[in-house]
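**Q**
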Amino acid sequence: MLIKRPSDIPSSSITSKSTYLNRREFMRAAGAATAAAAVAAGGLLESEAVLRAQEAPHKRKLDGVKSSPFSTDAKPNSWRDITTYNNYYEFGTNKEDPAANAGHLKTEPWTVAVDGECNKKAVWHLEDILKGQTPEDRIYRHRCVEAWSMVIPWVGFPLADFIKKCEPTSKAKFVEFTTLYDPKQMPGTRSNVLTWPYVEGLRMDEAMHPLTILVVGLYGEVLPNQDGAPIRLVVPWKYGFKHAKSLVKIRFVEKQPMNTWQLQASNEYGFYANVNPSVDHPRWSQATERVIGGGFFRKKTLMFNGYGDQVASLYNGMDLRKNY
Amino acid sequence: MRVSDRAVRFGLKPLAFLAALGPAAWLVWAALTDHLSANPLSDITNETGIWTLRFLCITLAITPLRRITGWNAAIKFRRMAGLFAFFYGTLHFLTYVIVDRFAGLDFPNGIVSLTIVRNLAASIGADIYKRPFITIGFAALTLMVPLAATSTAGMIRRLGRKWQTLHRLVYASASLGVIHYWWLVKADIRSPLMYASIVGLLLLFRVWRRKRAMRVPAAHRVPAI
Numbered sequence: 003m004l005i006k007r008p009s010d011i012p013s014s015s016i017t018s019k020s021t022y023l024n025r026r027e028f029m030r031a032a033g034a035a036t037a038a039a040a041v042a043a044g045g046l047l048e049s050e051a052v053l054r055a056q057e058a059p060h061k062r063k064l065d066g067v068k069s070s071p072f073s074t075d076a077k078p079n080s081w082r083d084i085t086t087y088n089n090y091y092e093f094g095t096n097k098e099d100p101a102a103n104a105g106h107l108k109t110e111p112w113t114v115a116v117d118g119e120c121n122k123k124a125v126w127h128l129e130d131i132l133k134g135q136t137p138e139d140r141i142y143r144h145r146c147v148e149a150w151s152m153v154i155p156w157v158g159f160p161l162a163d164f165i166k167k168c169e170p171t172s173k174a175k176f177v178e179f180t181t182l183y184d185p186k187q188m189p190g191t192r193s194n195v196l197t198w199p200y201v202e203g204l205r206m207d208e209a210m211h212p213l214t215i216l217v218v219g220l221y222g223e224v225l226p227n228q229d230g231a232p233i234r235l236v237v238p239w240k241y242g243f244k245h246a247k248s249l250v251k252i253r254f255v256e257k258q259p260m261n262t263w264q265l266q267a268s269n270e271y272g273f274y275a276n277v278n279p280s281v282d283h284p285r286w287s288q289a290t291e292r293v294i295g296g297g298f299f300r301k302k303t304l305m306f307n308g309y310g311d312q313v314a315s316l317y318n319g320m321d322l323r324k325n326y
Numbered sequence: 015m016r017v018s019d020r021a022v023r024f025g026l027k028p029l030a031f032l033a034a035l036g037p038a039a040w041l042v043w044a045a046l047t048d049h050l051s052a053n054p055l056s057d058i059t060n061e062t063g064i065w066t067l068r069f070l071c072i073t074l075a076i077t078p079l080r081r082i083t084g085w086n087a088a089i090k091f092r093r094m095a096g097l098f099a100f101f102y103g104t105l106h107f108l109t110y111v112i113v114d115r116f117a118g119l120d121f122p123n124g125i126v127s128l129t130i131v132r133n134l135a136a137s138i139g140a141d142i143y144k145r146p147f148i149t150i151g152f153a154a155l156t157l158m159v160p161l162a163a164t165s166t167a168g169m170i171r172r173l174g175r176k177w178q179t180l181h182r183l184v185y186a187s188a189s190l191g192v193i194h195y196w197w198l199v200k201a202d203i204r205s206p207l208m209y210a211s212i213v214g215l216l217l218l219f220r221v222w223r224r225k226r227a228m229r230v231p232a233a234h235r236v237p238a239i
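Chains A and B, in that order, give the protein sequences. Here my numbering is used: the first residue of the first sequence is 3, the next is one more, and so on. Here my numbering is used: the first residue of the second sequence is 15, the next is one more, and so on.
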């Protein structure tokens with residue numbers, strides 16, 4: 003499959019496989035020296051290190067995180083913004099609910115079932131998924147379908163790297179992602195606000211795109227539960243609801259999967275959900291966005307959330323008004 | 015219930031007034047001391063909206079309360095509750111105008127200019143025209159304007175019987191307010207459903223009273239105030 007990558011970013015710089023990394027190394031006890039970690043990460047801006055020092059709790063530092071050319075140089079939102087203003091309906095529909103209710107989610111041990119049109123159907127332990135992956139700082143713009151945005155310093159690795167290990171067959175045209183559904187641990191799922199479990203999907207070329215990542219961390223630390231721990235999807239040119247959290251299943255399928263929000267209201271939420279200022283949500287405009295922590299004035303929303311150079315070609319010849 | 019006129023006028027009413035200002039005071043305090051969420055402007059929009067609905071519910075609850083408990087002095091709080099509904103509704107609308115519309119404009123020639131005023135008006139107008147939940151919310155608030163304007167003792171006297179007919183508009187305003195809320199949520203309709211039930215019950219109470227009154231011979235009817 004031909005994957006278009008921007009020419010100025012050699013594929014070799016996207017992921018280095020030289021660093022062996024396992025789950026135990028991912029998690030290190032509290033007290034890890036911030037400065038040392040920042041230096042080890044390499045290429046981190048000083049201001050960013052300072053921000054981390056002020057914001058992140060430094061309890062579960064990730065090791066060996068390297069910087070990425072895909073990162074924006076915009077200033078990331080604070081740890082507090084990113085961990086207290088969440089849409090994660092499994093833990094409640096108010097923005098502050100996930101921070102209040104996700105604390106007890108058991109993320110260890112964690113497995114992800116790989117199924118469908120691939121040669122390596124298996125139940126993967128999280129540490130095996132992380133094996134051989136170098137975690138990268140990916141500071142991405144994040145645009146919610148509700149017309150607010152943040153800049154988030156995710157830590158993750160390309161989904162493509164994991165997909166290759168699963169050896170999808172030629173029938174695999176789409177990838178379907180399923181979030182944990184556990185009413186015992188997730189109070190929000192005890193009511194039928196949405197159809198559970200939460201399901202999302204990507205076209206194969208979207209899933210293989212180097213910007214598409216599996217995220218395991220935030221601000222160089224293990225991902226907080228309210229942000230989708232232990233492993234979630236991030237597709238920065240799409241609205242946030244595409245970024246399925248706490249993944250328990252990845253399935254390769256031939257037909258376009260039905261994603262949860264499309265099932266909920268297909269006239270409002272589509273399969274593609276590419277950030278698009280010229281296609282309004284039926285009930286509100288997508289032309290501008292409220293930048294969280296970004297002052298009074300709203301920002302003009304950019305096509306593909308500003309990632310058009312990298313991803314616009316995926317949609318050549320498609321009517322994005324119809325395929326919203 | 016027996017509460018002296020004096021106690022109502024100099025005790026309960028000022029207390030109620032202060033309590034009704036509470037949500038606005040809390041919002042100002044919370045905004046200034048960083049006690050709102052990461053999206054404080056959205057919080058202010060939502061909170062002023064929900065308090066509008068709450069005060070509409072309180073306004074509509076006064077007559078049933080009076081009928082059920084027989085505490086006639088309750089009526090003395092109705093105007094205040096209605097005016098506070100209008101107060102929070104106006105704050106809600108102004109927040110939307112400033113935070114949602116004005117803050118999203120282009121400012122090629124600075125912030126203060128005639129073009130900006132025109133663009134702002136166009137932006138609000140387009141939104142009201144295009145988005146049903148905005149249309150309906152705007153209608154709900156607009157219906158409250160004549161009610162607030164005719165809430166003085168002088169206007170009540172001048173309008174006589176017509177006053178009561180006019181002020182039945184509050185039923186429409188509250189119903190539209192609930193629909194406005196219902197249409198704006200993404201998936202979780204539990205809270206709008208709760209307000210719909212409350213407003214629905216309060217309106218049903220009036221239907222029920224009216225039907226019952228019809229059955230009483232005209233000579234025995236007690237005029238409604």
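Glycine residues also receive a C-beta, built at the ideal position from the N, C-alpha and C atoms. Model, not experiment: these values are computed from the prediction.
Within a Cβ cutoff of 7 Å, which residues of the same chain sit near residue 291 (chain A), ignoring the five residues on either side of it in sequence?
**A** Position 289 of the first sequence, counted from the start, is the residue given in the question as residue 291 (chain A). Answer for residue 291 (chain A): 145, 149, 150, 151, 300, 301 and 303, listed in chain order.
**Q** Based on the DSSP secondary-structure assignment, which residues constitute the bridge partners of residue 216 (chain A)?
**A** Here residue 216 (chain A) refers to the residue found at position 214 when the first sequence is read from its first residue. In the DSSP output, where bridge partners are listed per residue, residue 216 (chain A) has A:159 and A:235.
**Q** Taking the runs of the beta strand (DSSP E) that are 3 residues or longer, which of them lie wholly in the stretch 241-315 of chain A?
**A** 249-255 and 290-293
**Q** Check whether the Cβ atoms of residue 213 (chain B) and residue 187 (chain B) sit closer than 8 Å, and answer yes or no.
**A** Here residue 213 (chain B) refers to the residue found at position 199 when the second sequence is read from its first residue. Here residue 187 (chain B) refers to the residue found at position 173 when the second sequence is read from its first residue. Residue 187 (chain B) sits away from residue 213 (chain B), with the two beta carbons spaced by 8 Å or more.
**Q** Skipping 5 residues on each side, what residues in its chain have a beta carbon closer than 7 Å to that of residue 45 (chain B)?
**A** Translated into the one-based positions of the second sequence, residue 45 (chain B) becomes position 31. Closer than 7 Å at the Cβ level, and outside the excluded window around residue 45 (chain B), lie 54 and 58.
**Q** Per DSSP, which one or two residues make a beta bridge with residue 107 (chain A)?
**A** By 1-based counting over the first sequence, the position of residue 107 (chain A) is 105. Partner(s): none; residue 107 (chain A) has no beta bridge.
**Q** Whole angstroms is fine: what's the gap from residue 78 (chain B)'s alpha carbon to residue 207 (chain B)'s?
**A** Residue numbering aside, residue 78 (chain B) sits at position 64 when the second sequence is read from its first letter. Residue numbering aside, residue 207 (chain B) sits at position 193 when the second sequence is read from its first letter. Each residue's alpha carbon lies about 21 Å from the other.
**Q** Tell me where the beta strand (DSSP E) around residue 117 (chain A) begins and ends.
**A** Locating residue 117 (chain A) in the first sequence gives position 115, where the first residue counts as 1. Its beta strand (DSSP E) spans residues 113-118.
**Q** Please tell me whether residue 164 (chain A) and residue 255 (chain A) are closer than 8 Å, where the distance is taken between their beta carbons.
**A** Taking the first residue of the first sequence as position 1, residue 164 (chain A) is located at position 162. Taking the first residue of the first sequence as position 1, residue 255 (chain A) is located at position 253. No, they are not a contact pair.
**Q** Report all residues from its chain with a CB closer than 6 Å to the CB of residue 151 (chain B); omit the five preceding and five following residues, and keep chain order.
**A** Within the second sequence, numbered from 1, the residue matching residue 151 (chain B) stands at position 137. These residues qualify, in order along the chain: 194.
**Q** So, with DSSP's three-state summary, where would you put residue 139 (chain A)?
**A** On the first sequence, residue 139 (chain A) is found 137 positions in, with the first residue counted as 1. Strand, per DSSP.
**Q** Is there a Cβ of chain B sitting closer than 8 Å to that of residue 93 (chain A), yes or no?
**A** Along the first sequence, one-based indexing puts residue 93 (chain A) at 91. For residue 93 (chain A), the answer is no, since every Cβ of chain B falls outside 8 Å of its Cβ.
**Q** Going by CA-CA distance only, name the one from A:205, A:252, A:219 and A:215 that's closest to residue 115 (chain A).
**A** Reading the first sequence from its first residue, position 113 is the one you call residue 115 (chain A). When each option's Cα is compared against that of residue 115 (chain A), the closest is A:252.
**Q** Pull up the CB-CB distance for residue 216 (chain A) and residue 233 (chain A), whole angstroms please, since I reckon it's below 8 Å.
**A** Against the first sequence, residue 216 (chain A) aligns to sequence position 214. Against the first sequence, residue 233 (chain A) aligns to sequence position 231. Here residue 216 (chain A) really is in contact with residue 233 (chain A); their C-beta atoms are around 6 Å apart, less than 8 Å.
**Q** Quick check on DSSP: helix, strand or coil for residue 184 (chain B)?
**A** As a position in the second sequence, residue 184 (chain B) is number 170, starting the count at 1. If DSSP states are grouped into helix, strand and coil, residue 184 (chain B) belongs with the helices.
**Q** Looking at residue 108 (chain A) and residue 187 (chain A), is the spacing between their C-beta atoms short of 8 Å?
**A** As a working mapping, residue 187 (chain A) is identified with position 185 in the first sequence. As a working mapping, residue 108 (chain A) is identified with position 106 in the first sequence. In contact: residue 187 (chain A) and residue 108 (chain A) (Cβ atoms closer than 8 Å).
**Q** Could you tell me whether the Cβ of residue 294 (chain A) comes closer than 8 Å to any Cβ of chain B?
**A** Working through the first sequence from its first residue, we reach residue 294 (chain A) at position 292. Yes - at least one Cβ of chain B is within 8 Å of the one on residue 294 (chain A).
**Q** How would you write the range of the alpha helix (DSSP H) that residue 197 (chain A) sits in, first residue to last?
**A** One-based indexing of the first sequence puts residue 197 (chain A) at position 195. Note, residue 197 (chain A): premise wrong, no alpha helix (DSSP H); not H, not E.
**Q** Could you tell me the alpha carbon to alpha carbon distance between residue 245 (chain A) and residue 136 (chain A), rounded to whole angstroms?
**A** In the first sequence, the residue the question calls residue 245 (chain A) occupies position 243. In the first sequence, the residue the question calls residue 136 (chain A) occupies position 134. Their Cα atoms are separated by approximately 21 Å.
**Q** Pairs of beta-carbons, one from the stretch 122-134 of chain A and one from the stretch 61-81 of chain A, closer than 8 Å: are there three or more?
**A** no
**Q** DSSP state of residue 124 (chain A), grouped into three classes?
**A** Taking the first residue of the first sequence as 1, we reach residue 124 (chain A) at position 122. Three-state DSSP puts residue 124 (chain A) in a strand.
**Q** Using the C-alpha atoms, what's the distance from residue 159 (chain B) back to residue 284 (chain A)?
**A** By 1-based counting over the first sequence, the position of residue 284 (chain A) is 282. By 1-based counting over the second sequence, the position of residue 159 (chain B) is 145. For residue 284 (chain A) and residue 159 (chain B), the distance between alpha carbons rounds to 29 Å.
**Q** Could you tell me how far apart the beta carbons of residue 99 (chain A) and residue 230 (chain A) are, in whole angstroms, since I believe they sit closer than 8 Å?
**A** Sequence index remark: in the first sequence, residue 99 (chain A) carries index 97 (1-based). Sequence index remark: in the first sequence, residue 230 (chain A) carries index 228 (1-based). About 14 Å; that fails the 8 Å criterion.
**Q** Put residue 64 (chain B) into one of helix, strand or coil per three-state DSSP.
**A** Position 50 of the second sequence, counting from 1, holds the residue named residue 64 (chain B). Of the three classes helix, strand and coil, the one that applies to residue 64 (chain B) here is helix, per DSSP.
**Q** Determine the DSSP secondary structure at residue 32 (chain B), reduced to helix, strand or coil.
**A** Here residue 32 (chain B) refers to the residue found at position 18 of the second sequence. Note: residue 32 (chain B) maps to helix in three-state DSSP.
**Q** Using 7 Å as the cut-off, classify the Cβ of residue 217 (chain B) as near or not near the heavy atoms of the ligand COA, replying yes or no.
**A** For the ligand COA, the structure offers nothing, since it holds no ligand at all.
**Q** Under three-state DSSP, which class holds residue 205 (chain A)?
**A** Reading the first sequence from its first residue, position 203 is the one you call residue 205 (chain A). It is a strand residue.
**Q** CA-CA distance, residue 219 (chain B) and residue 326 (chain A)?
**A** For the purposes of this step, residue 219 (chain B) is identified with residue 205 of the second sequence, where counting begins at 1. For the purposes of this step, residue 326 (chain A) is identified with residue 324 of the first sequence, where counting begins at 1. Cα-Cα distance, rounded: 45 Å.
**Q** Applying a beta-carbon distance threshold of less than 7 Å, which residues of chain A neighbour residue 60 (chain B)?
**A** On the second sequence, position 46 is the one that residue 60 (chain B) refers to. The contacting residues do not exist; residue 60 (chain B) stays about 10 Å from chain A at best.
**Q** When the Cα atoms are used, what is the spatial distance from residue 64 (chain A) to residue 139 (chain A)?
**A** Position 62 of the first sequence holds residue 64 (chain A). Position 137 of the first sequence holds residue 139 (chain A). Looking at the two C-alpha atoms, the distance is approximately 11 Å.
**Q** How long is the line joining the alpha carbons of residue 199 (chain B) and residue 198 (chain A), rounded to whole angstroms?
**A** Here residue 199 (chain B) refers to the residue found at position 185 when the second sequence is read from its first residue. Here residue 198 (chain A) refers to the residue found at position 196 when the first sequence is read from its first residue. Between residue 199 (chain B) and residue 198 (chain A), the alpha-carbon positions lie close to 19 Å from each other.
**Q** With a threshold of 8 Å between beta carbons, is residue 304 (chain A) in contact with chain B?
**A** Here residue 304 (chain A) is taken as the residue at index 302 of the first sequence, counted from 1. Under the Cβ criterion of 8 Å, residue 304 (chain A) is not counted among the residues facing chain B.
**Q** Does the Cβ of residue 106 (chain A) have 16 or more other Cβ atoms within 10 Å, making it buried, or fewer, making it exposed?
**A** In the first sequence, residue 106 (chain A) corresponds to position 104, counting from 1. The residue is exposed, with fewer than 16 neighbouring Cβ atoms inside 10 Å.
**Q** What are the start and end residues of the alpha helix (DSSP H) that includes residue 149 (chain B)?
**A** Counting from 1 along the second sequence, the entry for residue 149 (chain B) is found at position 135. For residue 149 (chain B), the uninterrupted alpha helix (DSSP H) segment begins and ends at 146-163.
**Q** Here's a check: name, in chain order, each residue in its chain whose Cβ is nearer than 8 Å to the Cβ of residue 33 (chain A), leaving out the five neighbours to either side.
**A** In the first sequence, counting from the first residue as 1, residue 33 (chain A) sits at position 31. Note that residue 33 (chain A) scores a pLDDT of 36, beneath 50, so its modelled location is shaky; the value from the coordinates is reported in the next line. For residue 33 (chain A), where only same-chain residues beyond five positions count, the Cβ hits under 8 Å are 60.
**Q** Would you mind working out which of A:202, A:74, A:237 and A:158 sits nearest residue 266 (chain A), comparing C-alpha positions?
**A** Taking the first residue of the first sequence as position 1, residue 266 (chain A) is located at position 264. It is A:202 whose Cα lies nearest to the Cα of residue 266 (chain A).
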